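Below is one structure, written out as structure tokens, with a few remarks after it.
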Amino acid sequence: MSKVLHRCMTKATTAEGEGVRRSLNWAVSRRGILEVREDALACGDWVIPYQEIEEAVLYSVSQAFIPGYVLMVRTRGVIYQFGLNWGRYWGRELPFPVRREKGKLGYSWQSVAVRVAFFGLLGYWLWSRIRGE
Numbered sequence: 055m056s057k058v059l060h061r062c063m064t065k066a067t068t069a070e071g072e073g074v075r076r077s078l079n080w081a082v083s084r085r086g087i088l089e090v091r092e093d094a095l096a097c098g099d100w101v102i103p104y105q106e107i108e109e110a111v112l113y114s115v116s117q118a119f120i121p122g123y124v125l126m127v128r129t130r131g132v133i134y135q136f137g138l139n140w141g142r143y144w145g146r147e148l149p150f151p152v153r154r155e156k157g158k159l160g161y162s163w164q165s166v167a168v169r170v171a172f173f174g175l176l177g178y179w180l181w182s183r184i185r186g187e
């Protein structure tokens with residue numbers, strides 16, 4: 055087992071593909087510890103050796119004015135995405151080649167539907183309270 059260089063909490067999914075967005079996939083995503091090792095990324099039973107990484111992109115994102123990152127890692131046939139909190143570690147040189155980009159989180163149609171339903175119910179509740187029902 056190789057030396058662990060960094061550990062952090064993450065949400066991780068293989069269900070998003072290449073798109074960086076808000077979606078219900080993140081609600082049911084894997085929660086755990088991402089380990090940046092000397093020779094691989096590891097999260098639970100996922101171990102991604104650096105030599106298998108075809109492309110890695112570290113997106114700098116903001117959600118509700120809170121900065122963070124999404125690390126997208128493409129290997130043979132699988133695209134992993136790791137949601138990461140902001141931290142100095144991610145701003146420095148990493149032990150694997152990575153392209154850095156500013157990301158804008160899009161919305162899936164499911165995510166939009168949940169928000170519309172929530173605000174609709176909230177509006178109805180407020181309206182019924184104001185009317186005195």
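Count the sequence shown with this note's numbering and you get residues 55 to 187, in order. Cβ coordinates follow ideal geometry from the N, Cα and C atoms, glycine included. It should be emphasised that the depicted structure is a prediction, and the values quoted were computed from it without experimental measurement.
So, helix, strand or coil for residue i, using DSSP?
| i | result |
| --- | --- |
| Ser-182 | helix |
| Gly-98 | coil |
| Gly-137 | strand |
| Gly-86 | strand |
| Ala-66 | strand |
| Leu-59 | strand |
| Glu-72 | coil |
| Arg-130 | coil |
| Leu-176 | helix |
| Glu-155 | strand |
| Arg-146 | coil |
| Glu-109 | strand |
Buried or exposed: residue i, going by 16 or more other Cβ atoms within 10 Å of its Cβ?
| i | result |
| --- | --- |
| Phe-136 | buried |
| Met-63 | exposed |
| Arg-183 | exposed |
| Ala-66 | buried |
| Val-124 | buried |
| Leu-138 | buried |
In chain order, what residues of the same chain have a beta carbon less than 6 Å from the beta carbon of residue i, not counting five sequence neighbours either side?
| i | result |
| --- | --- |
| Trp-140 | Pro-121, Gly-122 |
| Leu-88 | Cys-62, Thr-64, Cys-97, Phe-136 |
| Arg-154 | Leu-112 |
| Tyr-134 | Thr-68, Val-127 |
Residue i and residue j look like a contact to me (Cβ under 8 Å); what is the Cβ gap, rounded to whole Å?
| i | j | result |
| --- | --- | --- |
| Ala-94 | Ser-56 | 7 Å |
| Trp-144 | Leu-112 | 6 Å |
| Thr-68 | Val-132 | 6 Å |
| His-60 | Val-101 | Rounded, the Cβ-Cβ distance is 15 Å, inconsistent with contact. |
Between which residues of its own chain and residue i is the CB-CB distance below 8 Å, once the five residues before and five after are set aside?
| i | result |
| --- | --- |
| Phe-150 | Leu-95, Tyr-104, Ile-107, Ala-110 |
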